[in-house]
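One structure is given below, encoded as structure tokens.
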Amino acid sequence: MRSAACFALLALLASQAAFAASPRTNYLLHCSGCHLPSGVGNPPNVPTLHDELGRMMAVEAMRAYLVQVPGSSQTALSDQDLADVVNWVLTEFNAGTLPGGFRPLTAGEVARARQTILADPLKYRIKHWKDYGD
Ligand code: HEC
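Structure (structure tokens):
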């Protein structure tokens, strides 16, 4: 009886250790509440995550921006999981606009970027890229 309980516990622990949410699942859990499962958001209040992010990746300063907006930087996701989610958003919703030779974000890059809180994301966006709709 006791060993059966132990076995059940071990099996449970093993299954949890093996469970790592996919980037898609993490997107659905942590981002889709605002940006919607399809990523189209609800402009102008919540921006779309389609197409323009890919174009932004031609500008080095905008790589950090993707993880410095509050919805990204303050998520409960780890640096690696956030990197994976943002890379998933880029390849899933922005495949047609990513620059050639695009390098996926790394966990280290995300960790560094997240240390800087953007007091005004829109100001940063306009300075390094452009206003919404421009
Ligand atoms: C509570 C709602 C909310 C959640 C949750 C959220 N976001 Fe956002 N997101 C916004 C809003 C609002 C903006 C517009 C900028 C701002 O005011 O923060 C935005 C902006 C962005 C932008 C910049 C888009 C642009 O065109 O400039 C990216 C990239 C982004 N979010 C990614 C994410 C990711 C990835 C997640 C999940 C880890 C996430 N967001 C979770 C509301 C949210």
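Going by the working numbering, the sequence shown opens with residue 15, and the numbers climb by one from there.
A virtual CB, placed ideally from N, CA and C, is assigned to each residue, including glycine.
At a cut-off of 7 Å, the beta-carbon of Asn59 counts as near the ligand HEC: some heavy atom of the ligand is closer than that. Annotation for Ile140: the continuous alpha helix (DSSP H) segment containing it runs 135-142.
Val83 is positioned such that its CB atom lies no closer than 8 Å to that of Val100. Of Leu42, Leu96, Ser52, Thr89, the smallest CA-CA separation from Arg77 is found for Leu96. By the Cβ test, the stretch 139-148 is not in contact with the stretch 108-122, since fewer than three Cβ pairs between them sit closer than 8 Å.
Distance from the CA of Ala133 to the CA of Ala35, rounded to the nearest whole angstrom, comes to 31 Å. Between Phe107 and Gly53, the gap from beta carbon to beta carbon is short of 8 Å.
One thing to note: Arg38 has its Cβ within 8 Å of the Cβ of Trp102.
Per the C-alpha coordinates, the member of Asp145, Tyr146, Asp148, Cys45 positioned closest to Ala90 is Cys45.
When Asp93, Gln129, Thr130 are compared, the shortest CA-CA separation from Asn40 is found for Asp93. Its chain contains Met71, Ala72 as the residues whose beta carbon lies nearer than 7 Å to that of Pro113, once the 5 sequence neighbours on both sides are disregarded; these appear in chain order.
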